[in-house]
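In the working numbering, the protein residues as written are 1 to 310.
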């Protein structure tokens, strides 16, 4: 009987090869920049240049969570990856495990009742399940909430995971003046790398129906200064002929859960690669373009090859 259906056995709704490529590239870039030391540690009561407490969280309401439940850091994009090899002489990145409420520390995994909360690492915030602050647990909201954490110096995301209508804002580590700014869920700080697939094609690999996927990837770079823009573009453009380990995210657990907290079921990038392997992908070519008219923008073009059954 003739088969009139589509070629391939991809189930509708599962991640396609293009999505798997883009998500693995952004995850690999995040870890690789951490290995280059692109993160900043914030300790409890740490003051910035103007005397502001960088560890202080501020209550905000942006419609994404129960009113009175969000306590936001000035810094988004907290480090959550463990087991990363860092440059010699650098302090380990601090992975936030809880908060101080007044003088008492509460671990996110053991806090309960009215003080139960989750950590949203991407957005750099703590989310209480019960409204906290005004009309909440402490009423007046005068009890300070602080956290120790590390934030990534570069915000890297696939275009599929970027907040809808995202607005890129000035770096929170260097606000204009002594005032303190707290970003909303739809704001992301400079510098930013957004990884997306531009187009894809397939060519025969061998007898038996296997094919090679060729994916054109754009890594769009946005920064608030030329030095950061050029530095990121140059690092990414040096990855020609690079083999990138690939996880099949349609089968593996993801590093973060639905709250943006660390997913205890995720076994780590290397274990996940072994348990849920997808075929490795190769960056065949890498070219950087730095727009002289828009000196804060650049793009790195990748040509990536994968097997058809990635």
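Just so it is clear, CB atoms sit at the ideal spot from N, CA and C, and this is done for glycine as well.
Remark: C-beta atoms of residue 26 and residue 158 approach each other more closely than 8 angstroms. Here residue 72 is buried. Its C-beta has 16 or more other C-beta atoms within 10 Å. Taking C-beta atoms as the reference points, residue 106 and residue 115 count as a pair closer than 8 angstroms.
By the Cβ neighbour-count rule, residue 155 is buried, with 16 or more other Cβ atoms within 10 Å of its own. Pairing residue 213 with residue 306 gives a Cβ-Cβ distance under 8 angstroms. Rounded to whole angstroms, the gap between the alpha carbons of residue 94 and residue 41 is 6 angstroms. Proximity of the stretch 214-223 to the stretch 76-90 falls short of the contact definition, fewer than three beta-carbon pairs being nearer than 8 angstroms. Taking the Cα of residue 103 as reference, the smallest distance to any Cα among 111, 64 and 143 is reached at 143.
By a beta-carbon distance limit of 8 angstroms, residue 55 contacts residue 147. Their separation comes to about 6 angstroms. Put simply, of 113, 108 and 112 the residue whose alpha carbon is nearest the alpha carbon of residue 125 is 108. Excluding sequence positions up to five before and after residue 288, its CB lies within less than 6 angstroms of the CB of 233, 237 and 300, all in the same chain and listed in chain order. Within the same chain, 244 come within 6 angstroms of residue 28 by CB-CB distance, once the 5 residues on both sides are set aside.
In this structure, the CA atom of residue 35 is about 23 angstroms from the CA atom of residue 249. Between residue 128 and residue 67, the alpha-carbon positions lie close to 10 angstroms from each other. Listed in chain order, the beta strand (DSSP E) elements of length 3 or more contained wholly in the stretch 56-111 are 56-60, 70-72, 98-101 and 104-107. In this structure, the beta-carbon distance from residue 150 to residue 79 falls below 8 angstroms. In the structure shown, the three-state DSSP call for residue 307 is strand. Per DSSP, reduced to three states, the secondary structure at residue 50 is coil, with no helix or strand assignment. Remark: C-beta atoms of residue 22 and residue 217 approach each other more closely than 8 angstroms.
For residue 199, the enclosing beta strand (DSSP E) covers residues 192-204. Residue 213 is bridged by DSSP to 202 and 306. Under the three-state reduction of DSSP output, residue 266 falls in the coil class, being neither helix nor strand. Boundaries of the beta strand (DSSP E) harbouring residue 120: 117-120, taken from the DSSP string.
Judged by DSSP secondary structure, residue 27 falls within the alpha helix (DSSP H) whose first and last residues are 17-35.
Within the model, the alpha-carbon separation for residue 37 versus residue 191 is close to 15 angstroms. Residues 53, 55 and 146 of the same chain have their beta carbon placed closer than 8 angstroms to that of residue 45, with the five preceding and five following residues left out of the count.
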